[in-house]
Amino acid sequence: MSKLNISPRQKFILEMLYKQDRWVKGPEIAIEAGVSARTIRNDIQQLNAEIGIDPPLIISSKRDGYIISDRKKALELLKQIETLQNTLPIYPDERANFILKRLLFEKAAINIYDLADELMVSDCTIESDLVKVRKIVEEFSCNLNLKRNSDNIFLEGSEESKRNLLSQLLFKEAGNNFLNISKYDSYFEDFNMSAIQDIVLSAIRKNDLVINEIGLLNLVIHIAISLRRIKNNYFIEDSPYLESFLNTNEYKLAKDIAQGLSERFGINFPKEEILYIGYMILGKRILKSKSSSFHYLENVIETKYIDITQKLIKSVYDNFGINFSEDEDLLVGLAMHIKAMDSRIKNSIILRNPILEELKHRYPFIFELAVFLSNEFYKLTNIQMNENEIGFFALHLGAAFERLNQKTASKKKVILICTENLRDILSSKINSEFGSKLEIIDVLSIVEYNMAKDMKPDFIISTADLQNHFDVPVIFISPFLDKKDIQEINKQLSFFEIVMNVRAVVSRIDRAIVEELFFPDLDIDDSFEIIKFMANNLYEKGYVPPTYFDSVVERESLSPTSFGNMVALPHALVMNAYKTAISVAILKKPIDWGDYKVQIVFMFAINESDVKSLQSLYKYLMQILDDPYAVSRLIKAKKFDEFKGIILDYYGTQ
Numbered sequence: 001m002s003k004l005n006i007s008p009r010q011k012f013i014l015e016m017l018y019k020q021d022r023w024v025k026g027p028e029i030a031i032e033a034g035v036s037a038r039t040i041r042n043d044i045q046q047l048n049a050e051i052g053i054d055p056p057l058i059i060s061s062k063r064d065g066y067i068i069s070d071r072k073k074a075l076e077l078l079k080q081i082e083t084l085q086n087t088l089p090i091y092p093d094e095r096a097n098f099i100l101k102r103l104l105f106e107k108a109a110i111n112i113y114d115l116a117d118e119l120m121v122s123d124c125t126i127e128s129d130l131v132k133v134r135k136i137v138e139e140f141s142c143n144l145n146l147k148r149n150s151d152n153i154f155l156e157g158s159e160e161s162k163r164n165l166l167s168q169l170l171f172k173e174a175g176n177n178f179l180n181i182s183k184y185d186s187y188f189e190d191f192n193m194s195a196i197q198d199i200v201l202s203a204i205r206k207n208d209l210v211i212n213e214i215g216l217l218n219l220v221i222h223i224a225i226s227l228r229r230i231k232n233n234y235f236i237e238d239s240p241y242l243e244s245f246l247n248t249n250e251y252k253l254a255k256d257i258a259q260g261l262s263e264r265f266g267i268n269f270p271k272e273e274i275l276y277i278g279y280m281i282l283g284k285r286i287l288k289s290k291s292s293s294f295h296y297l298e299n300v301i302e303t304k305y306i307d308i309t310q311k312l313i314k315s316v317y318d319n320f321g322i323n324f325s326e327d328e329d330l331l332v333g334l335a336m337h338i339k340a341m342d343s344r345i346k347n348s349i350i351l352r353n354p355i356l357e358e359l360k361h362r363y364p365f366i367f368e369l370a371v372f373l374s375n376e377f378y379k380l381t382n383i384q385m386n387e388n389e390i391g392f393f394a395l396h397l398g399a400a401f402e403r404l405n406q407k408t409a410s411k412k413k414v415i416l417i418c419t420e421n422l423r424d425i426l427s428s429k430i431n432s433e434f435g436s437k438l439e440i441i442d443v444l445s446i447v448e449y450n451m452a453k454d455m456k457p458d459f460i461i462s463t464a465d466l467q468n469h470f471d472v473p474v475i476f477i478s479p480f481l482d483k484k485d486i487q488e489i490n491k492q493l494s495f496f497e498i499v500m501n502v503r504a505v506v507s508r509i510d511r512a513i514v515e516e517l518f519f520p521d522l523d524i525d526d527s528f529e530i531i532k533f534m535a536n537n538l539y540e541k542g543y544v545p546p547t548y549f550d551s552v553v554e555r556e557s558l559s560p561t562s563f564g565n566m567v568a569l570p571h572a573l574v575m576n577a578y579k580t581a582i583s584v585a586i587l588k589k590p591i592d593w594g595d596y597k598v599q600i601v602f603m604f605a606i607n608e609s610d611v612k613s614l615q616s617l618y619k620y621l622m623q624i625l626d627d628p629y630a631v632s633r634l635i636k637a638k639k640f641d642e643f644k645g646i647i648l649d650y651y652g653t654q
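Under UniProt numbering, the sequence shown has 200 at position 200, and the numbering climbs by one with no breaks.
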């Protein structure tokens, strides 16, 4: 087994087939894996050949797709792969990030053929990867360029831009675990990340200040990058920062941090590097420690920031009927954020939001609230927020929404079924992840599973496949509670929320999706032209005012409404449709839309009378549009009745 050569993508295919426990077609797997159906076919052939059992572990059928032939063998294999997994990057995006990190961490230029050998890919593949690397660099900064000298590559540009790019790559790679400081230890082996964080926190406390978690992590990552770059003799030489900055509280704090770092790691910081740390501090939400109360906030923040925040909170109630007026945490947090954001914008500092795409994908309604507030903020201040800042607004709103929901929401009752040796660790992980949403009423061993029937749980979480033994939903998880398991549990919790008012939501969707607004096989290959076509059609048929198209374009300019899985959801900034409607276009072929490929477009036109039901509408549709199998069925549906039936019947087939 130790000699098995199974790639992460092949492991992903095996996991998907094991969890689905049904025939799964190649295009469905391809959408999930982000590759072609042909690549999936080749991967499965290689996987079967590598495993070398007869009959093959994965059976294929031209009509039905793929299915696991021996589930017990598959589970054993997955457990062993978990520890034997080859850690080299497999996908083009992963390889591009790997190459960029090498360029930013290494002292010298890198030979491309050495890279090909290290990554175990062909020279042609490396050349293709370099095209992607160059695109990432060009999109990130006009101050950076990927240069090539014969067979060697290197990055040319300002030291500050290189550090900013590296921080963005590290945040992106950390994914959902971005707040776990130990996640970054492997990048900075000579500099203990927890020690850096302790030094920063010590200096902050010494100055009687506080900082939020994301601000702290951003600062610690930038400092760790600085330490490694300085150690490799890369310095910020020509400081763009004004000498007047030397007299600020930020510079004083930066000096205290630099002193602590010098004592701990034996690295001296030139004045330019201390200025750089101070400038990083300037864009963070750092305030006096007592400022967590609104009363004290009035004494340390200019009145204009408080006034703006109160107006924004009121606009949420006026337009969406959501009352955050009594949430002091939101008022204080948002006001503090707006003050720090104002400093960032004035000084051209970009604070990267490491979970921006996750926010857009998993919490579309919350993100829409944030986009709405960014537009209201622009009306009040004439300042345009970038997408990263909109994401931070969404974090504040999401926390406030959670606090509002917790006042009335009841926890779902769950039974965990697993082996005795997994009992404590799985319970702890599940409680840590879902403690506010569910309650584990009992933990049973696999042989005791029959006892669960009398306990009347809302659903069951099990490491054994018990799908057909209960009348309530059973979520089959791995012993490791991985990312996909967490998504499945979240999906079930969302399902419960939706089921409570599913009939009302389905009724609204039934009225909103009509045949005159359905366009299968639309042959347009540009997102702007698609928006124009669909918006004009809504206007011509009397659903929206003449300003609707401009409002949709304005909304799209703030943050593209594509979110992966071949779907885009364009809509106007204002909810002033004459009648609520959802126009649908199925494109003849996928097109580029923002950062994603899109083949199905849902254009929302919402009347103000339906604004309060918008959240449940989003939740229902997002459950469907987040399901690759459902999306593939929708894309193939050429007749209106078939298309609408897939949507309306979705929860009846789960």
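The beta carbon of each residue, even a glycine, is placed where N, CA and C say it ideally should be.
*Do residue 513 and residue 644 come within 8 Å of each other at the CB atom, strictly closer than that value?*
Closer than 8 Å, so yes.
*Kindly confirm or deny that the region 354–369 and the region 411–430 touch, where touching means at least three C-beta pairs closer than 8 Å.*
Result no; under three Cβ-Cβ pairs closer than 8 Å.
*If I'm right that residue 273 touches residue 226 with Cβ under 8 Å, what's the distance once you round it to whole angstroms?*
Taking the Cβ atoms as the reference, residue 273 lies roughly 6 Å from residue 226, within the contact range of under 8 Å.
*How close, in whole Å, do the beta carbons of residue 517 and residue 490 come, if the pair is a contact with beta carbons under 8 Å?*
So it is not a contact: roughly 31 Å between Cβ atoms.
*Please confirm whether residue 156 and residue 145 have their CB atoms less than 8 Å apart.*
For residue 156 and residue 145, yes; Cβs fall inside 8 Å.
*Starting from residue 282, follow the beta strand (DSSP E) in both directions and report where the run begins and ends.*
Per DSSP, residue 282 is not a residue of any beta strand (DSSP E); the alpha helix (DSSP H) it occupies stretches across 271–282.
*Would the beta-carbon of residue 218 fall within 8 Å of that of residue 395?*
Contact: no.
*Around the Cβ of residue 608, are there at least 16 other Cβ atoms within 10 angstroms (buried) or fewer (exposed)?*
A residue is called buried when at least 16 other Cβ atoms come within 10 angstroms of its Cβ; residue 608 does not meet this threshold and is exposed.
*For residue 578, which residues from the same chain have a beta carbon less than 8 Å from its beta carbon, with the 5 sequence-adjacent residues on both sides left out?*
So the list reads 542, 543, 544, 545, 607, once near-sequence residues are dropped.
*What separation, rounded to the nearest whole angstrom, lies between the Cα atoms of residue 465 and residue 476?*
When rounded, the separation of the alpha-carbon atoms in residue 465 and residue 476 is 6 Å.
_Here's the rule: buried if 16 or more other CB atoms are within 10 angstroms of the residue's CB, otherwise exposed. What is residue 114?_
The residue is exposed, with fewer than 16 neighbouring Cβ atoms inside 10 Å.
*Within 10 angstroms of the Cβ of residue 641, are there 16 or more other Cβ atoms? Answer buried if so, exposed if not.*
Burial is judged here by how many other beta carbons sit within 10 angstroms of a residue's own beta carbon; residue 641 has fewer than 16 and is exposed.
*Mark residue 97 as exposed unless 16 or more other C-beta atoms lie within 10 angstroms of its C-beta, in which case mark it buried.*
Buried is the call here.
*asked:* Which residue wins for smallest C-alpha separation from residue 587, given the options 580, 161, 566?
replied: Answer by Cα proximity: 566.
*So the alpha helix (DSSP H) residue 364 belongs to, where does it begin and stop?*
Start and end: 364–381.
_Within 10 Å of its beta-carbon, does residue 303 have 16 or more other beta-carbons around it, so buried, or fewer, so exposed?_
Residue 303 is exposed by the Cβ-count criterion.
_CB-CB length for residue 457 against residue 415, believed under 8 Å_ = Contact annotation, residue 457 with residue 415: C-beta distance approximately 5 Å; criterion of less than 8 Å satisfied.
*Considering only residues of the same chain and omitting the five flanking positions on each side of residue 1, which have a CB-CB separation below 6 Å?*
Residue placement at residue 1 is flagged as unreliable, the pLDDT there being 40, under the threshold of 50; a coordinate-derived value is accordingly withheld.
*Where does residue 424 fall in DSSP's three states?*
It is helical.
*Would you list, in sequence order, the uninterrupted beta strand (DSSP E) runs of no fewer than 3 residues that lie entirely inside the region 553–607?*
If only uninterrupted beta strand (DSSP E) runs of at least 3 residues are considered, those enclosed by the region 553–607 are 562–564, 566–568, 581–593, 596–605.
*Proximity below 8 Å, CB of residue 220 to CB of residue 181*: Contact: yes.
*Going by DSSP, which residues form a beta bridge with residue 449?*
Under DSSP, residue 449 takes part in no beta bridge, so it has no partner.
*Give the DSSP-derived three-state secondary structure of residue 644 in the structure shown.*
Reduced to three states, the DSSP call for residue 644 is helix.
*Cβ-based neighbour list, residue 111, same chain, cut-off 6 Å, excluding 5 preceding and 5 following*: The answer, listed in chain order, is 151, 152.
*For residue 67, which residues of its own chain have a beta-carbon under 6 Å away from its beta-carbon, when the five flanking residues on both sides are left out?*
Answer for residue 67: 23, 59, listed in chain order.
*Pick helix, strand or coil for residue 8, following the three-state DSSP scheme.*
Residue state, collapsed to three classes: helix.
*Nearest-angstrom Cα distance between residue 131 and residue 385?*
Approximately 30 Å between the Cα atoms of the pair.
*Enumerate, from N- to C-terminal direction, the unbroken beta strand (DSSP E) stretches of 3 or more residues contained entirely within the region 79–150.*
Correct list: 144–149.
*Coil, strand or helix - residue 659 by DSSP*: With the chain covering 1 to 654 only, the question about residue 659 has no answer from this structure.
*asked:* Can you tell me whether residue 441 is helix, strand or coil according to DSSP?
replied: Note: residue 441 maps to strand in three-state DSSP.
*asked:* I'd like to know whether the C-beta atoms of residue 658 and residue 599 end up nearer to each other than 8 Å.
replied: Absent from the structure is residue 658, since the part of the chain shown begins at 1 and ends at 654.
*What are the start and end residues of the beta strand (DSSP E) that includes residue 152?*
From DSSP, the beta strand (DSSP E) with residue 152 extends over 152–157.
*For residue 234, which option in 247, 267, 338 has the closest C-alpha, if you only look at C-alpha atoms?*
The shortest Cα separation from residue 234 among 247, 267, 338 belongs to 267.
_Quick check on DSSP: helix, strand or coil for residue 519?_
Here residue 519 sits in strand by DSSP.
*Nearest residue (CA-CA) to residue 262, options 109, 199, 278, 216*: Taking each of 109, 199, 278, 216 in turn and checking the Cα distance to residue 262, the smallest one comes out for 199.
*Over what stretch of residues does the beta strand (DSSP E) that includes residue 65 continue unbroken?*
It spans 65–68 - the beta strand (DSSP E) in which residue 65 sits, taken as one unbroken run.
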